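To start, the structure itself, in structure tokens.
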Amino acid sequence: MQREGSALHGLGVVILKELSDHLTSVRMRVLEWLVVLFALAALYGAIQQIRDTTAEDPFLFLKLFTTAREPLPFTFVSFLTILVPLIAIGMGFDAVNGEHNRRTLSRILSQPIYRDALLFGKFLAGLFTLSVSLIALWLLVIGLGLFLLGLPPSGEELARVFIFLLVTIAYAGVWLALAMLFSIIFRSPATAALVSLGLWLFLTLIWPALAPAIVIAFAPSSDEETLILAAQYLARLSPSNLFGEVVLAILNPTTRSLGPIYLSQLQGAVLGAPMPLGESLIVAWPQIVGLIAGTILLFVTGYVIFQRQEVRA
Amino acid sequence: MSADNVIEVQGLTKRYDETTVVKGISFSVARGEIFGLLGPNGAGKTTTILMLLGLSEISDGQARVLGFDPVREPLAVKRRVGYLPDQVGFYDNLSASDNMRYTARLMGLGRDERETKIAESLDHVGLHDVADRPVDTFSRGMRQRLGLAEILMKDAQIAILDEPTSGLDPQATAELLQIIRNLKDRGVSVLLSSHLLDRVQSICDRVALFNQGNIELLGTVGELGRQVLGVGYYVDVEAEGQGLADKLKAVPGVKSVETPSANHMRIYAERDVRSEAAAAVIAAGGRLLRLSVETPSLDMIYNRYFENLTGGRHAA
């Protein structure tokens with residue numbers, strides 16, 4: 000049965016409204032300060048470390064993102080891995096149930112728009128806000144790097160760092176879509192936030208350790224190669240894991256493979272030699288697609304549930 | 000569809016997995032009419048309204064709103080119909096006019112049109128002075144009026160109001176009912192649901208009485224009275240004189256006469272017999288002190304109807 004009119008009618012209006020909500024909210028301001036402070040701390044550590052230890056490296060600028068000051072484990076990337084989900088969840092956990100609880104949902108949906116526009120608008124506005132914050136942060140890091148290291152990045156370094164930015168946005172999209180899915184399923188924002196955060200902790204901290212254990216417990220084969228591969232595939236169900244692998248390939252040009260490396264692959268290879276950007280991208284491509292696909296899958300699941308949900312409070 | 004009906008509903012049904020909430024109801028709302036959906040909570044009123052707006056799927060039967068099918072053409076319906084939900088909510092951190100700006104944009108109003116219409120409609124519902132105050136400072140009655148302002152801004156041909164007066168104090172209720180009457184004067188058809196019968200009675204042209212997903216009774220309050228109570232009119236007569244009650248009983252159309260107190264007679268009649276009763280009192284040489292007619296109240300009809308219903312079940 001064909002519905003009349005465009006499903007996205009009114010999308011722009013919803014996006015603008017949600018954007019202005021996000022950008023003026025206290026919640027957003029707190030999260031932004033959190034990000035900036037953590038970023039500065041990580042960056043400062045990295046710069047100290049680079050000054051102390053690294054003499055020469057063709058990709059010195061990339062080290063800004065991946066180096067930690069010795070006693071601390073936190074690199075700029077690892078802190079993004081943890082904080083980006085937190086911000087994304089913070090923006091999405093009350094997206095739909097908040098409208099229910101304020102009793103604004105039926106009033107808004109009685110205007111000439113489809114539900115599609117409301118949900119999609121909320122998602123895009125959230126993603127846009129996250130992108131704005133991440134781009135600001137990214138520029139801040141590059142600027143500080145230039146200023147404190149006194150070393151301009153090369154064209155390839157800039158390209159790699161830019162891809163890293165795009166991947167970070169996709170990574171944020173996964174968590175935003177997840178939080179919005181729970182905001183559709185659970186009527187209480189507190190429940191939605193708690194479940195999102197619980198899943199985030201589970202996938203980020205517990206799952207990488209759990210995956211090999213599960214494989215050893217259930218795998219029918221005792222072949223070591225199969226076990227390692229299976230554990231790796233299982234671990235990749237976690238977006239944090241995917242993000243980590245992409246970052247490894249993109250920001251560390253010497254990365255040749257994200258799985259086990261076979262001897263045949265090493266024939267003729269100059270170990271420790273950097274790969275060209277295109278090759279690095281190919282290495283990380285499945286993971287990048289995985290992040291985007293995860294976002295779409297979670298959003299579509301939420302969309303289907305939202306379409307079938309009753310409007311009345 | 001008849002040219003004069005803005006809403007036509009045939010065999011409308013809503014089923015959830017196990018239960019049927021609305022069981023094949025049919026009714027129509029004429030242009031410019033105030034139509035009341037009455038009944039206890041959970042009788043299926045809100046579900047019916049949501050189906051008319053295309054916000055809930057229709058399991059069976061069909062509905063036409065201004066000639067449009069709410070299932071296939073929900074946008075066309077929603078462009079022309081204003082909806083005030085039960086306990087309407089607004090974005091509390093935004094001001095009244097900002098809330099309206101958002102809905103005006105969703106309606107697709109241009110910038111200039113938007114600002115004039117917002118000012119006009121806020122003025123109309125008496126919220127002009129608080130237009131820039133955040134909505135979280137608003138009372139329940141002010142929120143309801145803001146909801147009506149939205150419907151005015153929309154230039155809706157039909158206003159659908161779900162429990163517009165529940166939870167309001169008497170003064171706020173009176174103000175709200177006045178605004179609803181004004182809607183009618185502008186030529187807007189009004190469909191409202193309520194469980195507060197006496198409030199609704201004062202403004203509804205016709206009512207449908209809901210019970211457990213069925214429309215049990217439908218018509219004007221007078222018609223329902225005749226259907227349920229068997230009598231259309233109560234005429235109160237206060238007069239001094241001898242044997243007036245017997246004279247009044249002889250007036251054509253009068254079914255019975257009670258004498259609650261001396262000089263006070265209460266006539267049950269099938270039509271308005273005031274002038275005949277007055278003539279009878281004068282002819283009998285009595286002094287007429289007071290004469291008034293009272294149509295049976297919805298409360299009375301409602302209670303009697305459900306009494307009959309349960310009484311019947313006991314008998315069966």
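Which chain is which? The protein sequence lines are G and C, in order. Here numbering that gives the first Met the number 0 is used: the first residue of the first sequence is 0, the next is one more, and so on. Here numbering that gives the first Met the number 0 is used: the first residue of the second sequence is 0, the next is one more, and so on. All residues carry an ideal CB built from backbone N, CA and C; glycine is no exception. Remember, it's a predicted structure, so these values are computed and weren't measured experimentally.
Within chain C, partners of residue i - CB distance below 7 Å
i, result
"G:Leu108", "Leu54"
"G:Pro252", "What G:Pro252 touches in chain C: nothing, since even the nearest Cβ is about 48 Å away."
"G:Thr103", "Gly88, Phe89 and Tyr90"
"G:Lys317", "Lying outside 0 to 312, the shown extent of chain G, residue 317 of chain G is not represented and no answer is given."
"G:Gly9", "Leu105"
"G:Arg311", "Thr45 and Leu49"
Between the CA atoms of residue j and residue i - distance to the nearest angstrom
i, j, result
"C:Leu54", "G:Ile184", "18 Å"
"G:Ala216", "G:Ser153", "48 Å"
"C:Glu32", "C:Ala171", "23 Å"
"C:Thr12", "G:Phe181", "31 Å"
"C:Asp85", "G:Thr66", "57 Å"
"G:Asp115", "C:Phe67", "21 Å"
"G:Met27", "G:Phe78", "18 Å"
"C:Met264", "C:Gly140", "41 Å"
"C:Ile150", "C:Tyr82", "7 Å"
"C:Arg71", "G:Gly277", "49 Å"
"C:Thr46", "C:His123", "30 Å"
"C:Ala118", "C:Asp128", "10 Å"
"C:Ala315", "C:Lys246", "For C:Ala315, the predicted structure reports a pLDDT of 36, less than 50, and the residue's modelled location is therefore unreliable. A value from the coordinates is still provided. Going from the Cα of C:Ala315 to the Cα of C:Lys246 covers about 42 Å."
"C:Met99", "C:Leu93", "10 Å"
"G:Val160", "G:Ile249", "8 Å"
"C:Lys183", "C:Gln61", "26 Å"
"G:Leu164", "G:Leu133", "7 Å"
"G:Pro57", "G:Phe73", "23 Å"
"G:Thr52", "G:Val282", "29 Å"
"G:Phe122", "G:Ala87", "10 Å"
"G:Leu241", "G:Arg235", "6 Å"
"G:Ala135", "C:Arg198", "58 Å"
"G:His99", "G:Thr80", "31 Å"
"G:Gly293", "G:Phe75", "24 Å"
"G:Val83", "G:Gly91", "12 Å"
"G:Ser187", "C:Asn4", "41 Å"
"C:His313", "G:Val194", "With a pLDDT of 43 at C:His313, under the threshold of 50, the modelled position of this residue cannot be trusted, and the question is left open."
"C:Ala158", "G:Leu85", "43 Å"
"C:Met106", "C:Val220", "36 Å"
"C:Val253", "C:Val28", "33 Å"
"G:Leu280", "G:Pro151", "23 Å"
"G:Val111", "G:Ile14", "First, the amino acid is wrong: residue 111 of chain G is Pro here, not Val. Taking the straight line from one Cα to the other gives about 16 Å."
Residue i - DSSP class collapsed to helix/strand/coil
i, result
"C:Glu293", "strand"
"G:Leu296", "helix"
"G:Leu150", "coil"
"C:Pro73", "helix"
"G:Val12", "helix"
"C:Arg312", "Residue placement at C:Arg312 is flagged as unreliable, the pLDDT there being 48, under the threshold of 50; the coordinate-derived value follows with that caveat. In this structure, C:Arg312 counts as helix in the three-state DSSP scheme."
"G:Asn100", "helix"
"G:Thr190", "helix"
"C:Phe89", "coil"
"C:Asp271", "coil"
"C:Asp259", "In the sequence under discussion, the amino acid at residue 259 of chain C is Pro, which differs from the Asp named in the question. Residue state, collapsed to three classes: strand."
"C:Glu215", "strand"
"C:Ala130", "coil"
"G:Ala116", "helix"
"C:Ala158", "strand"
"C:Phe137", "coil"
"C:Met0", "Annotation note: pLDDT 47 at C:Met0 (below 50); position unreliable, no value reported."
"C:Tyr301", "helix"
"C:Ile202", "coil"
"C:Thr12", "strand"
"G:Gly301", "helix"
"C:Ala317", "Shown here, chain C extends from 0 to 315; a query on residue 317 of chain C therefore has no answer."
Residue i: contacting residues in chain G (beta-carbon distance under 9 Å)
i, result
"C:Gly60", "Chain G residues near C:Gly60: none, gap ~16 Å exceeds 9 Å."
Proximal chain C residues relative to residue i, where beta-carbon distance stays under 9 Å
i, result
"G:Arg2", "Val70, Arg71, Glu72, Pro73 and Leu74"
"G:Val315", "With chain G covering 0 to 312 only, the question about residue 315 of chain G has no answer from this structure."
Within chain G, the residues that residue i reaches when beta carbons sit closer than 7 Å
i, result
"C:Thr47", "In chain order: nothing, as chain G lies at least about 12 Å away."
"C:Arg113", "By Cβ distance, chain G contributes nothing, its closest Cβ being about 12 Å from C:Arg113, past 7 Å."
"C:Arg78", "Pro111"
Closer than 8 Å at the beta carbon, the chain G residues around residue i
i, result
"C:Tyr318", "A question about residue 318 of chain C goes unanswered here, because the residues of chain C that appear run from 0 up to 315."
request  = Closer than 8 Å, Cβ to Cβ, to anything on chain D: give me those residues from the stretch 63 to 75 of chain C, in chain order.
outcome  = Among the protein chains in the structure shown, which are G and C, there is no chain D.
task = Below 7 Å between beta carbons is the criterion; list the residues of the stretch 109 to 121 of chain G that meet it against any residue of chain C, in chain order.
result = Taking 7 Å as the Cβ-Cβ cut-off against chain C, the residues of the stretch 109 to 121 of chain G that qualify are Ser109, Gln110, Pro111 and Ile112.
query = Which ranges would you report for the alpha helix (DSSP H) in the stretch 26 to 87 of chain G if only whole runs of at least 4 residues count?
reply = The stretch 26 to 87 of chain G contains these whole alpha helix (DSSP H) runs: 59 to 65.
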